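Note that my numbering numbers the sequence shown so that position 2 is 169, with each residue one more than the last.
Quick notes on the structure that follows.
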Amino acid sequence: MDGNILKIRKYSIVLKNMNNGLYVFYNESSTGKTCLKNLLDKCKEFGEPVSAYTYLDYMYKLSPSMKCKPTDSLVMFDRYDMYAKEFPDEVRNLAEHTIVLVDSKGSSFLPVSYRVCILDMLDPEHFQIVGE
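Pasting the structure below:
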């Protein structure tokens, strides 16, 4: 998906320098990660092949495989540090088949090697994510 635009209705997510694999956001506050997660949830409701998994899903005893599919174009794990050691095989499998974004506060156990990515929220409906 290097340089591709994931266009969903009026929304857009530009992915640069990214292919299937695991990407971790820089540990910065107020960059738009929660807005991106909310946008992915909204797009999923429209039937688009994107998904997000959160600590709340974990608390409700949902596994990532119940929400995220290897056929999704983009998957995001929000606050991964809160449940990091619970689903290494599922995260590893997803990273082999799609782009997986991880928001983690502090150091966390990651089941595969990863790259860092930078999120730029142009506005709440348009994002750019660049893999480093």
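Note that beta-carbon positions come from the ideal geometry of N, C-alpha and C, so glycine has one too.
Everything numeric in this text was worked out from a predicted model, so none of it was measured.
V242 is bridged by DSSP to S218 and V267.
When the alpha-carbon of M288 is set against those of N171, K200, S196 and G188, the nearest one is in K200.
Judged by DSSP in its simplified three-state form, L203 adopts helix.
Following the DSSP letters along the chain, one finds M233 in no beta strand (DSSP E) but inside the alpha helix (DSSP H) bounded by residues P231 to K234. When the five nearest sequence neighbours on each side are left out, the beta carbons in the same chain lying within less than 6 Å of the beta carbon of F244 are those of Y220 and V269, in order along the chain. Spatial neighbours of L206 in its own chain (CB-CB distance under 8 Å, excluding positions within 5 residues in sequence) are listed in chain order as Y178, I180, P291, E292 and F294. In the structure shown, N186 adopts coil according to DSSP, grouped into three states. V242 and L223 do not touch by the CB rule: their CB atoms are close to 16 Å apart, not below 8 Å. Apart from the 5 residues on each side of it in sequence, P231 sits with its Cβ closer than 6 Å to the Cβ of Y220, F254 and E257 in its chain, given in chain order.
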